[in-house]
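Notes follow once the structure below has been shown.
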Amino acid sequence: MKYCVHCGNELQEQQVVCLKCGAAASQKNDKFDGEEYSTKSKLACGLLQIFLGGFGVGRFYSGHTNLAVAQLLVTIFTCGIAGLWGFIDGIIILASDEFRDAQGKKMRD
Ligand SMILES: [Zn+2]
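Add 1121 to the 1-based position in the sequence shown for our numbering, that's all there is to it.
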């Protein structure tokens, strides 16, 4: 069941125009919260960060390029010790309820 965004009238799934007020029933209406999701996966991002976080791979994936480059450089300068940063970052990504990519879109689980 979907509802008209203008008057709240109940609409059939296949209905494109509200019969009560005449407003076009938008496709976005079907989405539960109307928020645009990232095409990327939080799980993939977190796992990449846990295994390859020292190279910032997960952060490259999510589009946070500056952070990814920082992780890569710090790992090189500390001969790998700071790779722990990427590892912890990956755990935080996986543990977070909502993790957003560089465009601010919520990533899928
Ligand atoms: Zn309406």
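Cβ atoms here follow ideal geometry from the backbone N, Cα and C, with glycine treated the same way.
Here the structure is a predicted model, which is why all the values come from computation and not from measurement.
Neighbouring residues (CB closer than 6 Å to any heavy atom of ligand 2): Here the bound small molecules are ligand 1; ligand 2 is not part of this structure.
- prompt: In three-state DSSP terms, what is Lys-1141?
  reply: On the sequence shown, residue 1141 is found 20 positions in, with the first residue counted as 1. Note: Lys-1141 maps to coil in three-state DSSP.
field: Stretch-stretch touch, CB-based, cutoff 8 Å, three pairs: the stretch 1135 to 1144 with the stretch 1180 to 1199
entry: no
- request: Take the Cβ of Ser-1183 as the centre, count every other Cβ of all protein chains shown within 10 Å, and call the residue buried at 16 or more, exposed below.
  value: Looking up residue 1183 in the sequence shown gives position 62. Ser-1183 should be labelled buried.
task: Would you mind listing the alpha helix (DSSP H) stretches within the stretch 1188 to 1227 that are 4+ residues and don't spill past its ends, in chain order?
output: 1204 to 1216
query: Which whole-angstrom value is the C-beta distance of Asp-1210 and Gly-1174, which I expect to be below 8 Å?
result: As a working note, residue 1210 is residue 89 in the sequence shown. As a working note, residue 1174 is residue 53 in the sequence shown. Yes, Asp-1210 and Gly-1174 are in contact; Cβ-Cβ is about 6 Å, under 8 Å.
message: Could you compute how far the alpha carbon of Leu-1132 sits from the alpha carbon of Glu-1156?
response: Numbered from its first residue, the sequence shown carries residue 1132 at position 11. Numbered from its first residue, the sequence shown carries residue 1156 at position 35. The straight-line gap from Cα to Cα measures roughly 21 Å.
Beta-carbon spacing of His-1185, Ala-1223 below 8 Å: Numbered from 1 along the sequence shown, position 64 holds the residue referred to as residue 1185. Numbered from 1 along the sequence shown, position 102 holds the residue referred to as residue 1223. Cβ distance < 8 Å, so His-1185 and Ala-1223 count as in contact.
query: What do you reckon, are the CB atoms on Phe-1208 and Lys-1163 nearer than 8 Å?
result: Against the sequence shown, residue 1208 aligns to sequence position 87. Against the sequence shown, residue 1163 aligns to sequence position 42. No; because the gap between Cβ atoms is not below 8 Å, this pair is not in contact.
Bridge partner(s) assigned by DSSP for Glu-1131: Here the question's residue 1131 lines up with position 10 in the sequence shown. Tyr-1124, per the DSSP bridge assignment.
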